[in-house]
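Okay, structure first, notes after.
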Amino acid sequence: DDANGVAATIRRQFAERFSSEVADDIRILYGGSVSPNNIREFVEASDIDGALVGGASLKIETMLAMMASLTH
Numbered sequence: 001d002d003a004n005g006v007a008a009t010i011r012r013q014f015a016e017r018f019s020s021e022v023a024d025d026i027r028i029l030y031g032g033s034v035s036p037n038n039i040r041e042f043v044e045a046s047d048i049d050g051a052l053v054g055g056a057s058l059k060i061e062t063m064l065a066m067m068a069s070l071t072h
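If you read the sequence shown in full-length UniProt numbering, its first letter stands for residue 1, the second for the next number, and so on.
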């Protein structure tokens with residue numbers, strides 16, 4: 001909820017400074033810690049468009065588990 005709220009604020013700022021079309025077209029990625037247990041929460045959030053997977057991407061098992069959690 002906190003991350004989505006921040007993303008919503010960012011999107012609102014783009015709408016105010018530029019236009020609602022720009023705000024709708026901008027892609028906002030969550031850059032915090034993601035895991036197989038929480039990635040779905042971030043990618044399904046209304047104002048977050050995906051996750052920037054960092055260190056977890058270095059472990060194939062973790063990366064595959066995250067991908068699996070998004071497809072089931």
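In this text, a Cβ means the ideal position worked out from N, Cα and C, and glycines have one as well.
Between the Cα of residue i and the Cα atoms of the options, which residue gives the shortest distance?
i: alanine 51; options: Arg27, Gly31, Asp24; result: Gly31
i: glycine 54; options: Ile48, Ile39, Ala68; result: Ile39
Residue i: buried (16+ other C-beta within 10 angstroms of its C-beta) or exposed?
i: methionine 66; result: buried
i: phenylalanine 18; result: exposed
i: arginine 27; result: exposed
i: arginine 12; result: exposed
i: valine 34; result: buried
Do residue j and residue i have their beta-carbon atoms positioned less than 8 Å apart in this structure?
i: alanine 15; j: alanine 45; result: no
i: aspartate 49; j: leucine 29; result: yes
i: threonine 62; j: alanine 56; result: yes
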